[in-house]
Ligand SMILES: *[C@@H]1O[C@H](CO)[C@@H](O)[C@H](O)[C@H]1NC(C)=O
Ligand SMILES: *[C@@H]1O[C@H](CO)[C@@H](O)[C@H](O)[C@H]1NC(C)=O
Ligand SMILES: *[C@@H]1O[C@H](CO)[C@@H](O)[C@H](O)[C@H]1NC(C)=O
Ligand SMILES: *[C@@H]1O[C@H](CO)[C@@H](O)[C@H](O)[C@H]1NC(C)=O
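Numbering (mature numbering (1 follows the signal peptide of the UniProt record, and there is no 0)), first residue to last: -19 to -1, 1 to 163.
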């Protein structure tokens, strides 16, 4: 069940009273999804698989200065150095394992992930739904996965190594579908 967060009401009332000239957001009510669903490269029986995971816990209301009242979700505890990658268009990353358990956050471009032992695949478009979990390290997957960047657009990606795998529920095998994303 999606959680409904009614936001900004207090702020809007106060702001409207204080300054009629202030430009305000069009809507006074915003609906947030209950959680973020993430396409995950994991492994079973020494083979990489794709799954759609719902992060758990899901969104809560932030009290952080600057984003107070907005929806916030924990991405887990990270470690090591984060990396920025610039990948040209039409690049073939070949077959490989995740170097470590990590977030890979695609900001632009298109990545196509395929598997040696399954017909499942994932198309990851850079942007707000560009984050995946890559967990098929050599310890758990003999052959890893393939990644290609088949469009002409270059890909900007961030790799952020994880201290531990974030809490989650497995929604289903295969990549998350469009209706499950932001
Ligand atoms: C992280 O980056 C620093 C500075 O470049 C480097 O000295 C260090 O070895 C890196 N750590 C790891 C684990 O790669
Ligand atoms: C997995 O795929 C590899 C490479 O295509 C193949 O050699 C191997 O037999 C497959 N393993 C299974 C269990 O299907
Ligand atoms: C996974 O497969 C590799 C290559 O076949 C093998 O060396 C390794 O022992 C296997 N690991 C497990 C946990 O079965
Ligand atoms: C993620 O999946 C859950 C459970 O199916 C759903 O309630 C939620 O709305 C989804 N999140 C997004 C962003 O679609």
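No residue lacks a Cβ here, since even glycine has one placed at the ideal position from N, Cα and C.
With 5 Å as the limit, the residues whose C-beta approaches a heavy atom of ligand 3 more closely than that are 27, 123, in chain order.
Residue 37 is a Cβ neighbour of residue 148, given a cutoff of 8 Å. Distance between residue 125 and residue 160, taken at the CA atoms: about 27 Å.
Residue 78 sits buried, since 16 or more C-beta atoms from the chains shown fall within 10 Å of its C-beta. Residue 35 is bridged by DSSP to 18, 150. The bridge partners DSSP lists for residue 46 come to none. Within the DSSP bridge table, the entry for residue 127 names 76, 95 as partners. Secondary structure at residue 161: helix, using DSSP grouped into helix, strand and coil. When secondary structure is reduced to three states using DSSP, residue 101 falls in the strand class. Straight-line spacing of the CA atoms in residue 127 and residue 47 works out to 40 Å.
Taking the Cβ of residue 82 as the reference point, every heavy atom of ligand 1 lies at 7 Å or farther away.
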